[in-house]
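*Asks:* Once you've had a glance at the structure underneath, I'll fire off some questions.
Residue numbers (my numbering): 5 to 233.
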């Protein structure tokens with residue numbers, strides 16, 4: 005039996021958001037677990053252990069909390085999530101850029117100056133998640149999704165960059181960032197054109213697909229499944 009340890013993180017609070025998928029989705033996956041689909045090879049030979057981590061929307065504290073969890077758990081896969089208010093579906097982030105530049109403060113009231121996240125680091129890192137195969141799973145499960153060039157220049161991108169910077173020295177680890185839309189109530193929000201997003205159970209399914217396909221890629225790597233452009 006092959007054992008895979010997965011850490012999935014999400015930010016713990018967003019102003020004006022009642023149901024935070026970045027808390028609820030990781031928690032649900034950790035509680036319910038994730039298994040490979042029956043039709044997938046190795047399905048009966050793989051055990052996936054999922055750990056959920058909640059992070060503050062903080063430039064200085066988010067990475068410290070996540071890194072402590074990674075050094076404790078020693079994961080094979082790390083999936084960070086964030087909320088993208090304008091998204092209508094799941095956004096798979098392709099690139100983390102070495103830049104902070106945002107006109108609003110984080111949860112600590114910090115307004116970072118425009119500049120690099122790591123002055124000694126590269127200009128950008130590409131994701132290490134198999135985006136092509138994840139999108140195929142999303143299509144099979146009728147989950148609206150698209151690729152995103154980057155995660156912006158706020159805390160999401162800073163965390164994504166720091167995670168990939170850490171991953172660069174941990175070659176066995178696959179990691180990336182997934183931006184989630186709002187979690188909507190399909191009954192109450194169905195007729196409100198100003199509210200868009202996906203039901204929470206669909207978001208849980210989507211992130212389970214991310215975990216499954218990344219585990220599959222970890223078992224059988226293929227350059228065809230990595231999509232960076």
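Each residue gets a CB set at the ideal place from its N, CA and C atoms; glycine is no exception. If you're wondering where the values come from, they're calculated on a predicted model, not measured in any experiment.
I'd like the span of the alpha helix (DSSP H) that includes residue 27, first residue to last.
*Replies:* Your numbering for residue 27 matches position 23 in the chain shown. Residue 27 -> alpha helix (DSSP H) spans 25 to 36.
*Asks:* Residue 183: which of 147, 20, 119, 85 sits nearest, CA to CA?
*Replies:* Indexing the chain shown from 1 puts residue 183 at position 179. Looking at the Cα atoms, 85 is the closest of the given residues.
*Asks:* In whole angstroms, what separates the C-alpha of residue 173 from that of residue 128?
*Replies:* The residue given as residue 173 occupies position 169 in the chain shown. The residue given as residue 128 occupies position 124 in the chain shown. Computed Cα separation, rounded: 15 Å.
*Asks:* Is it buried or exposed for residue 171, if we count other Cβ within 10 angstroms and need 16 for buried?
*Replies:* For the purposes of this step, residue 171 is identified with residue 167 of the chain shown, where counting begins at 1. The residue is buried, with at least 16 neighbouring Cβ atoms inside 10 Å.
*Asks:* Can you give the Cα-Cα distance for residue 233 and residue 147, rounded to whole angstroms?
*Replies:* Translated into the one-based positions of the chain shown, residue 233 becomes position 229. Translated into the one-based positions of the chain shown, residue 147 becomes position 143. No answer about residue 233 holds up, because its pLDDT of 43 lies below 50 and its placement is not dependable.
*Asks:* For residue 143, report the span of its beta strand (DSSP E) as first-last.
*Replies:* To locate residue 143, count along the chain shown from 1; it is residue 139. Looking at the DSSP string, residue 143 is not in any beta strand (DSSP E); the run it does join, the alpha helix (DSSP H), is 135 to 144.
*Asks:* Determine, using beta-carbon pairs with one atom in the stretch 71 to 80 and one in the stretch 22 to 39, whether at least three such pairs fall under 8 Å.
*Replies:* Segments in contact, no.
*Asks:* Any chance the stretch 116 to 131 sits against the stretch 99 to 106, with 3 or more Cβ pairs inside 8 Å?
*Replies:* With the cut-off at 8 Å, the stretch 116 to 131 and the stretch 99 to 106 touch.
*Asks:* Pairs of beta-carbons, one from the stretch 56 to 64 and one from the stretch 9 to 17, closer than 8 Å: are there three or more?
*Replies:* Yes, the stretch 56 to 64 is in contact with the stretch 9 to 17.
*Asks:* Which of helix, strand or coil does DSSP assign to residue 158?
*Replies:* Along the chain shown, read from residue 1 onward, the residue named residue 158 stands at position 154. It is coil, neither helix nor strand.
*Asks:* Of the choices 89, 77, 115, 144, whose alpha-carbon is the least far from that of residue 23?
*Replies:* Counting from 1 along the chain shown, the entry for residue 23 is found at position 19. Per the Cα distances, 89.
*Asks:* Report yes if the CB atom of residue 142 is closer than 8 Å to the CB atom of residue 213, and no otherwise.
*Replies:* Your numbering for residue 142 matches position 138 in the chain shown. Your numbering for residue 213 matches position 209 in the chain shown. Yes, these two residues count as a Cβ contact at 8 Å.
*Asks:* Going by C-alpha distance, which of 35, 188, 63 is nearest residue 105?
*Replies:* Within the chain shown, numbered from 1, the residue matching residue 105 stands at position 101. Cα-wise, what sits closest to residue 105 is 63.
*Asks:* Using the rule of at least 16 other Cβ atoms within 10 Å of the residue's Cβ for burial, across every protein chain shown, is residue 201 buried or exposed?
*Replies:* For the purposes of this step, residue 201 is taken as the residue at position 197 of the chain shown. So residue 201 ends up on the buried side.
*Asks:* Should residue 145 be labelled buried (16 or more other beta-carbon atoms within 10 Å of its own) or exposed?
*Replies:* By 1-based counting over the chain shown, the position of residue 145 is 141. Exposed.
*Asks:* Check whether the Cβ atoms of residue 6 and residue 53 sit closer than 8 Å, and answer yes or no.
*Replies:* Along the chain shown, one-based indexing puts residue 6 at 2. Along the chain shown, one-based indexing puts residue 53 at 49. Their beta carbons are not under 8 Å apart, which means residue 6 does not touch residue 53 by this criterion.
*Asks:* Take the Cβ of residue 217 as the centre, count every other Cβ of all protein chains shown within 10 Å, and call the residue buried at 16 or more, exposed below.
*Replies:* Here residue 217 is taken as the residue at index 213 of the chain shown, counted from 1. So residue 217 ends up on the buried side.
*Asks:* Hey, could you find the ends of the beta strand (DSSP E) residue 83 is sitting in?
*Replies:* Working through the chain shown from its first residue, we reach residue 83 at position 79. Looking at the DSSP string, the run of the beta strand (DSSP E) that includes residue 83 is 81 to 87.
*Asks:* With C-beta atoms as the reference, is residue 33 less than 8 Å away from residue 215?
*Replies:* By one-based count along the chain shown, residue 33 stands at place 29. By one-based count along the chain shown, residue 215 stands at place 211. Taking 8 Å as the Cβ cut-off, residue 33 and residue 215 qualify as a contacting pair.
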